[in-house]
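Protein sequences appear in the order of chains A and B. For our numbering, count along the first sequence from 1 and bump the result up by 227. For our numbering, count along the second sequence from 1 and bump the result up by 15. We put the CB at the ideal spot given by N, CA and C, even for glycine. Report on the following structure.
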Amino acid sequence: MNAARIKILQIVVIAVFVVIALRLFYIQVVDGSYKDSAENNVLRYEVQYPSRGEVYDRNGEFLVQSKEVYDLMVVPRDTKPFDTVMLCSITGVPVEKLRAEMAKAERFSRRRASVVIKQLPKDVKLKLDERSFPGFYTVYRTIRSYPRKIAGNLLGYVSEVDEKMIARNPYYRSGDYIGKSGIELAYETVLRGKKGVKVNLVDVHGITQGSYQNGIYDTLPVPGTPITCSIDARLQALAEELLKGKVGSVVAIEPSTGEILVMASSPTYDPDELVGRESGNNYMKLLGNARRPLFNRAVMSRYPPGSTFKIVNGLIGLQEGVLTPQTKYPCYEGYTIGRGVKCHKHWSPLNMIDAVQTSCNAYFCYVLRSILDNRERGNVKETFDIWADYVRSFGFGRKLDSDFLDELNGYVPTSEFYDERYNGRWNSLTVISLSIGQGELGCSPLQMANLAATVANRGHYFIPHVVKRIHDRDSIDARFYVPHYTKVDSKYFEPVVEGMYRAVHNPGGTASIARVEGLDICGKTGTAQNPHGADHSTFMCFAPRNNPKIAVSVYIENGRFGATTAAPIASLIVEQYLTDTITRPQLVDYVKNMQIAYPYYDRQQAKLARTR
Amino acid sequence: MTDSRQNWLGLGEVDWKSILIYVALVLIGWINIYAAVYDDSHASIFDISQRYGMQLIWIGISFFIGLVVLLIDDKYYHMLAYPLYWVTLLMLVGVIFLGKEVKGAHSWIELGPVSLQPAEFMKVTAALALARYMSTYSFSIHRFSNIFRALLIIGVPALIIILQNDTGSAMVYGAFLFVLYREGLNGWIYVALILSVLLFIFSFLLTPDALLISMILVCVVGEGLSNGRWRSKIVYLALLALITILLYFGANLLFRGHLSFYASLLISIVILLAPVGIYAYRYRLRNVYLYLGLFLASLAFTSTIDYVFDNVLQVHQQKRILDVLGLETDLKGWGYNVNQSKIAIGSGGFFGKGFLDGTQTKFNFVPEQSTDFIFCTVGEEWGFFGSLIVIGLFCLLILRLMKMGERQRESFGRVYCYSVAAIFFFHVAVNVGMTIGLMPVIGIPLPFFSYGGSSLMAFSMLFFIAVKLDASKRELPIN
């Protein structure tokens with residue numbers, strides 16, 4: 228009996244120790260998860276922020292610089308009673324705000340650092356260093372600054388990354404900066420550089436106890452790569468100056484490369500406003516403006532192209548063989564078939580070159596109808612889709628695939644669209660407005676500028692883009708070096724160019740105001756009807772006629788005739804770019820002093836004010 | 016054995032191997048306290064402003080106590096067992112009223128610069144008193160009044176310690192059951208205890224329905240194993256299932272009510288009691304009633320568990336039980352200790368991170384690191400290898416103490432040695448078990464490792480008295 232009991236007790240003791248040993252073996256040797264947990268406990272990865280890449284204009288001038296700033300951090304536990312008023316007067320922060328931030332930091336953790344004041348300039352940091360505030364220290368960051376204060380929508384802005392982005396992209400951590408629009412967004416991965424990391428050992432209170440393994444896992448931050456942008460800063464500044472007080476945009480492209488020289492949208496904003504402590508308030512202010520300064524009209528709007536689009540119809544007609552440059556049509560102040568389309572007074576009958584020169588509505592009504600009623604090519608639906616294909620080959624109705632992510636696609640209707648709208652009962656007369664660039668067409672100023680560049684190149688374009696060079700690479704994306712041909716042969720472009728030349732240079736041309744001696748500007752005006760008010764004024768041109776250097780499209784909302792507002796602006800841009808001087812200061816004054824009323828936006832603004 | 020050994024300082028035949036294990040454990044413990052408290056500003060291991068420095072002093076005192084204990088004639092331990100018991104008991108009561116409060120427990124008396132915990136020394140005197148009582152000539156383990164008195168000797172100090180609000184230390188007195196088993200206490204008590212613990216655990220892990228079904232199956236299979244007649248068992252279970260299903264689905268037809276599955280099963284068991292009785296009577300199988308009784312007792316026990324758990328246990332005790340059963344945890348709150356402790360030990364790997372290189376212990380992720388959770392430091396810095404050595408040394412020491420008990424000539428020494436083995440066993444199993452998540456958190460020290468003068472001195476006394484008794488009262492070798 229006793230012997231058995233002694234055995235049992237010995238077995239119990241040994242069994243319990245064996246169980247403990249097995250458990251130890253399991254958690255120490257078999258299960259690896261405790262090792263990860265231990266590392267998570269003790270290692271803190273402290274981010275070293277890189278400076279963001281600068282952006283230069285095509286002439287090497289700074290468009291965006293990185294400015295060093297310092298975030299003031301505090302560890303509440305380590306602070307001693309300090310002179311709040313002095314700290315406030317040095318940093319320029321109201322006392323209540325500092326108190327509120329300190330309370331917030333205290334709530335977050337007494338032992339861990341929190342940001343008290345963001346983005347203090349360097350001189351403030353130096354002043355803080357002179358006096359000692361125990362428990363406070365500064366952290367190096369860089370923010371954007373804009374020496375020319377231009378091209379807000381083009382350059383875009385940078386702000387702290389939001390929760391959604393953090394969830395989607397593992398690169399980003401709370402507190403990182405990220406490009407939100409424009410070039411900052413499009414070239415985010417180039418500009419942001421590479422964060423460095425410092426691996427520290429921390430104790431249970433999160434207090435750093437030294438560097439992990441003497442820093443062999445630490446990495447230095449790699450600064451972001453600078454970018455040279457294709458924009459010409461002086462030209463951009465001129466465009467923005469001329470657009471002031473108007474709603475619209477100017478886009479200029481170098482036809483031989485597709486480089487965008489100017490992309491101005493009005494109203495615009497001072498890009499510095501979206502940097503720093505006031506950026507949130509300023510952003511809300513911009514959102515509250517009914518003219519929508521944050522809306523990049525150059526690439527996002529959908530305007531009727533108006534008469535500038537006649538060029539496309541003429542080219543399609545020539546390619547389709549339903550028209551020759553010599554074909555003449557009559558115009559008796561309008562096209563009289565169907566609902567009819569009015570025209571202004573000019574000679575009649577006239578050929579295509581004359582029609583481009585005078586911007587004859589009737590002529591292009593005949594052209595569009597002969598394209599759509601060409602029964603050798605099928606019924607109206609089939610011919611319409613052939614026509615729409617041509618139009619798309621000019622870059623309309625789709626994104627141009629530029630490097631500018633904010634770009635929208637515009638609109639070119641299809642035969643199905645009209646089938647649905649008219650229950651399948653429609654013909655060439657139904658869609659006659661398309662002949663003069665009205666109706667269901669929607670184009671962005673970038674697409675119109677691309678049309679100007681395409682005509683300048685006599686039939687092909689390069690995808691418009693804003694970046695000329697990324698500093699650590701030999702070339703930009705390959706797609707920008709490939710010419711895109713339209714479906715119209717280059718031989719058909721010469722008569723159209725002749726018409727555009729005459730429009731500027733011949734008496735009776737619609738755009739004589741754009742004429743500059745010796746520059747051979749070729750242009751086409753447009754006056755686009757719009758349901759919200761006065762006609763939009765548009766003008767597209769390129770110069771010089773041979774071997775063009777610049778193609779411009781100007782679109783001014785409610786600017787009335789193309790020749791009234793858009794043509795002088797385009798002309799000044801071309802002159803400035805080609806000759807580097809402006810010989811017509813009175814024209815500059817004329818544009819600047821022009822008063823355009825925007826009752827539609829004013830009504831919207833009033834509505835916004837009411838809803839607040 | 017040589018003469019010089021036998022009579023060195025008149026110590027008799029001292030078991031040097033055990034003392035070697037003891038010294039090894041104390042020194043390893045000291046090194047680990049140093050690692051647990053270590054920081055660069057107080058790097059000297061002899062700095063008495065730090066815990067490791069203080070512990071060195073306690074180690075010195077303990078060695079001295081050990082020497083004194085060995086030098087005292089062993090008959091005094093027998094003689095002084097009761098007086099010492101009463102004195103410590105008195106101190107224990109006094110502490111409730113006079114002691115200072117540490118972490119909610121009134122268990123310390125301050126003597127000048129040092130604080131002592133009488134509860135630690137109570138273990139020594141309780142072991143001596145129990146040994147003395149059970150070695151009296153008239154004592155019989157089979158007589159109820161004797162058992163009752165033995166249980167009083169153990170239970171009174173435990174009760175007072177519970178009143179001090181130190182339930183963990185009180186539970187240590189449960190270790191004496193180990194001794195009573197050796198001395199021949201009825202085995203069924205232990206079966207019942209083990210069953211109760213199992214039922215307690217399963218009542219949390221299983222749903223009431225599943226628990227009831229498993230209790231039925233255990234009893235039926237148990238009865239079948241002892242009596243055979245498997246066919247009747249199958250008939251019984253089939254009938255039980257049938258009646259239960261009929262009740263469950265038929266209840267709303269009979270009296271437009273709904274019976275839960277649990278109620279249906281219970282009613283069918285009651286209905287089938289009569290056939291079970293007939294079966295037992297007819298085949299004259301008296302142990303059928305035993306299994307029936309076992310089943311009913313289990314049923315009664317499980318139905319009181321919820322009440323006891325909710326009303327008798329304190330909230331932190333409930334949480335610790337739920338945590339170790341893996342039913343509920345809160346890694347930031349009450350589950351923090353155990354989780355961090357497992358992380359520290361688990362991250363040690365096979366050979367550990369090396370002395371003073373344990374990041375979890377050095378940066379204080381584990382609370383109570385130098386006291387109750389000292390094993391984390393061992394696990395993290397010395398890995399599985401080091402842990403195994405420590406665990407092995409403890410196991411060896413406990414087995415040696417049991418062996419010392421067995422070679423005693425008198426039951427006094429045997430009961431005492433077993434008591435020491437049991438107390439060490441309980442402390443080590445519970446303390447190490449809790450740091451690796453096998454046991455609920457019970458705040459008792461790891462012998463010789465945890466920082467603290469009282470516990471180290473008390474454990475040393477316990478141990479050296481056993482060695483002394485072993486050295487002088489050893490049974491003569493048979494041939």
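Item                                                                                                                                                                                         : Value
Excluding the 5 residues preceding and the 5 following S33 (chain B) in the sequence, name in chain order all residues of the same chain whose CB lies nearer than 7 Å to its CB.            : L412, R415 and V482
Does F378 (chain B) come within less than 7 Å of chain C when only Cβ atoms are used?                                                                                                        : In the structure shown, chain C cannot be found, because the protein chains are A and B.
Determine the extent of the alpha helix (DSSP H) in which R518 (chain A) is found, giving its start and end residues.                                                                        : Here R518 (chain A) belongs to no alpha helix (DSSP H), and DSSP marks it neither H nor E.
In chain order, what residues of the same chain have a beta carbon less than 7 Å from the beta carbon of S150 (chain B), not counting five sequence neighbours either side?                  : E425, S426, F427 and V430
Does the beta carbon of V187 (chain B) come closer than 7 Å to any beta carbon on chain A?                                                                                                   : no
For Q831 (chain A) and Y297 (chain A), I'd like the C-alpha separation in whole angstroms.                                                                                                   : 41 Å
Assuming M527 (chain A) contacts D403 (chain A) (C-beta within less than 8 Å), just tell me the rounded distance between them.                                                               : So it is not a contact: roughly 27 Å between Cβ atoms.
Could you tell me the boundaries of the alpha helix (DSSP H) in which G379 (chain A) lies?                                                                                                   : G379 to L382
Tell me, please, whether the CB atom of L251 (chain A) is closer than 7 Å to any CB atom in chain B?                                                                                         : yes
When the Cα atoms are used, what is the spatial distance from M476 (chain B) to L131 (chain B)?                                                                                              : 15 Å
Kindly say whether Y261 (chain A), judged by its beta-carbon, lies nearer than 7 Å to any beta-carbon of chain B.                                                                            : yes
Would you mind reading off the limits of the alpha helix (DSSP H) that contains T585 (chain A)?                                                                                              : M579 to T585
Rounded to whole angstroms, what is the Cα-Cα separation between C391 (chain B) and L71 (chain B)?                                                                                           : 20 Å
Counting contacts by CB-CB distance shorter than 7 Å, is S264 (chain A) in contact with chain B?                                                                                             : yes
Can you give the Cα-Cα distance for M16 (chain B) and M419 (chain B), rounded to whole angstroms?                                                                                            : Residue placement at M16 (chain B) is flagged as unreliable, the pLDDT there being 40, under the threshold of 50; a coordinate-derived value is accordingly withheld.
Could you please give me the residues that DSSP links to L208 (chain B) through a beta bridge?                                                                                               : Partner(s): none; L208 (chain B) has no beta bridge.
Out of A:L381, A:N396 and A:N601, which has the shortest C-alpha to C-alpha gap to V852 (chain A)?                                                                                           : Only positions 228 to 839 of chain A appear in the structure, and residue 852 (chain A) is not among them; the question remains open.
Using the DSSP secondary-structure output, state which residues sit across from C768 (chain A) in a beta bridge.                                                                             : A:G750 and A:V779
Can you tell me whether S264 (chain A) is helix, strand or coil according to DSSP?                                                                                                           : helix
Assuming the contact rule is C-beta atoms closer than 8 Å, T416 (chain A) and S293 (chain A) should be a hit. Round their C-beta distance to whole Å, please.                                : Rounded, the Cβ-Cβ distance is 17 Å, inconsistent with contact.
In whole angstroms, what separates the C-alpha of A413 (chain A) from that of Q822 (chain A)?                                                                                                : 35 Å
Considering just the uninterrupted stretch of the beta strand (DSSP E) at V323 (chain B), what are its terminal residues?                                                                    : Unbroken run through V323 (chain B) is the alpha helix (DSSP H), N302 to N326; no beta strand (DSSP E).
Looking at the C-beta of I690 (chain A), does it have a partner C-beta in chain B at a distance below 7 Å?                                                                                   : no
For the region 313-363 of chain A, which segments carrying the beta strand (DSSP E) assignment without a break, of at least 3 residues, lie completely within its bounds, in sequence order? : 341-347
Check I176 (chain B) in the structure and name its three-state DSSP category.                                                                                                                : helix
So what does H687 (chain A) bridge to, in DSSP terms?                                                                                                                                        : A:Y712
Within 8 Å, do at least three Cβ pairs link the region 557-567 of chain A to the region 647-661 of chain A?                                                                                  : yes
Measuring only the C-alpha atoms, how far is D372 (chain B) from E266 (chain A)?                                                                                                             : 13 Å
Nearest by alpha-carbon distance to V282 (chain A): which of A:R375, A:M300, A:A615 and A:V724 is it?                                                                                        : A:R375
Could you please tell me which residues of the region 438-457 of chain B, in chain order, have their CB closer than 7 Å to any CB of chain A?                                                : F440, A444, V447, G448, I451 and L453
When you compare the CB of I254 (chain A) with every CB in chain B, is at least one pair closer than 7 Å?                                                                                    : yes
In or out: N840 (chain A) buried (at least 16 other Cβ within 10 Å) or exposed?                                                                                                              : Nothing about residue 840 (chain A) can be reported from this structure: the residues present for chain A run from 228 to 839 only.
Would you identify the three-state DSSP class for F289 (chain A), choosing helix, strand or coil?                                                                                            : strand
Answer with buried or exposed for W31 (chain B), where buried requires no fewer than 16 other C-beta atoms within 10 angstroms of its C-beta.                                                : exposed
With 7 Å as the threshold, decide whether the Cβ of N247 (chain A) is near any Cβ in chain B.                                                                                                : The sequence shown places Ile at residue 247 (chain A), rather than the Asn named in the question. Chain B contact via Cβ: present.
So, with DSSP's three-state summary, where would you put S487 (chain B)?                                                                                                                     : helix
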